[in-house]
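Since the structure comes first, as structure tokens, the remarks are kept for the end.
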Amino acid sequence: MSINNGEQQDPSLVQTEIKGEILLVRLSRPQKRNAMNDATVQAIEAIFSNIPDGVKCAIIYGEGKHFSAGLDLSELTERDTMQGVHHSRMWHRALDKVQFGTVPVVALLHGACVGGGLELASACHIRVAEASTFYALPEGQRGIFVGGGASVRLPKLIGMARMADMMFTGRVITADEGNTIGISQYITEDGKGMEKAIELATKICGNAGITNYALMHVLPRIADASQDQALMMESLMAAIAQSAPEAKERLKQFLEGKAKKVGEL
Ligand code: 1HE
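In the numbering used here, the protein residues as written are 10 to 274.
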């Protein structure tokens with residue numbers, strides 16, 4: 010389905026760099042505002058399917074003035090219905106690897122975080138927004154529909170009515186508003202987002218692996234389940250986590266006065 014125009018074969022569309030236990034993933038197509046063509050989506054899938062040993066958290070961010078302008082609209086015009094389904098399913102596979110991969114992912118947002126860019130951000134586990142960030146779902150005005158998982162993930166962050174409003178009216182949400190309604194969990198001045206993202210990623214790296222795993226893989230399933238099944242899953246996860254040697258050691262440290270208190274963590 011990819012159009013082989015040379016640029017799409019370029020691995021530099023998404024760049025990675027390891028800093029200690031953190032994997033930095035940079036959308037690197039600033040001349041197109043990090044619009045995501047098929048090759049970019051496939052690169053994201055490959056990166057999050059093969060997290061290097063020793064990496065415990067990832068940060069995804071965009072090069073240039075924007076996080077991402079969403080789907081590369083130039084690839085959309087020639088698709089028929091079945092190709093459209095396959096294309097959307099390719100996005101689902103890639104963003105599932107982000108959400109349900111092996112390490113938590115912090116999204117560092119700035120400038121445009123629109124359409125598929127917002128879908129990518131929604132698949133991450135924590136979002137840090139610099140003041141320049143703005144959110145929109147221009148799909149509504151382009152005559153299309155979201156296809157990268159936004160209809161599933163975004164209402165869990167902001168509610169269905171707000172998402173529908175964004176698509177019905179083309180409403181643009183500012184960084185401040187986005188933080189208030191639950192798109193981002195942290196907001197920073199422009200240029201300070203990476204510092205914050207690294208601070209958060211470092212904390213995440215220090216957690217017990219089983220806690221991070223439960224937050225990534227079990228909590229969302231609990232949220233999707235009936236109350237009865239959800240409570241059972243919670244009990245099973247709690248019992249598994251507390252029986253791990255790492256939990257026993259951490260609890261012992263606290264009881265011996267050697268661990269940090271709440272607020273010092
Ligand atoms: C693009 C794209 C793109 C920029 N596909 N080429 N997304 C949108 O509808 C958003 C469309 N983009 C914009 O509204 C603006 O570009 C921005 C507000 C994000 C940034 O504005 P600005 O002034 O910084 O940049 P620009 O001049 O508009 O764009 C620079 C170049 O990037 C220009 O190409 P050039 O060859 O003329 O230099 C633009 O055409 C190109 N460009 N955005 C292709 N999106 C899984 S389904 C998901 C569905 C969606 O994501 S729909 C939403 C698509």
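Ideal Cβ positions, reconstructed from N, Cα and C, are used throughout, including at glycine. This structure is a prediction, so every number in the text was calculated from the model and none was measured.
Closer than 7 Å: residue i CB and nearest the ligand 1HE heavy atom
i	result
Leu80	yes
Ser83	yes
Gly200	no
Arg230	no
Ile153	yes
Lys269	no
Lys74	yes
Pro254	no
Pro147	yes
Glu128	yes
Ala140	no
Val181	no
DSSP-derived helix/strand/coil call for residue i
i	result
Gly168	coil
Gly187	helix
Ser141	coil
Arg88	coil
Leu146	coil
Ala121	strand
Leu274	coil
Lys269	coil
Val181	coil
Ile207	helix
Glu128	helix
Val112	coil
Nonlocal neighbours in the same chain, by C-beta distance under 6 Å from residue i, ignoring five residues either side
i	result
Ser21	Ser37
Glu139	His119, Thr197, Asp199, Gly202
C-beta contact flag for residue i and residue j at 8 Å
i	j	result
His134	Pro113	yes
Phe57	Val107	yes
Met176	Gly152	no
Leu82	Gly125	no
Arg42	Ala78	yes
Cys122	Phe154	no
Close-in-space but distant-in-sequence residues of the same chain around residue i (CB under 8 Å, 5 per side omitted)
i	result
Leu209	Val115, Ile135, Val137, Tyr195
Ala217	Ala250, Ala253, Glu255, Ala256, Arg259
Own chain residues within Cβ distance below 7 Å of residue i, not counting five before or after
i	result
Leu104	Glu128, Leu129, Ala132, Gly157, Gly158
Any beta strand (DSSP E) of 3 or more consecutive residues that is wholly inside the region 212-263: none
Please give me, in chain order, every unbroken run of the beta strand (DSSP E) with length at least 3 that falls completely inside the region 34-90. Annotation: the region 34-90 contains the following complete segments of the beta strand (DSSP E) (minimum length 3 residues), in chain order: 66-71.
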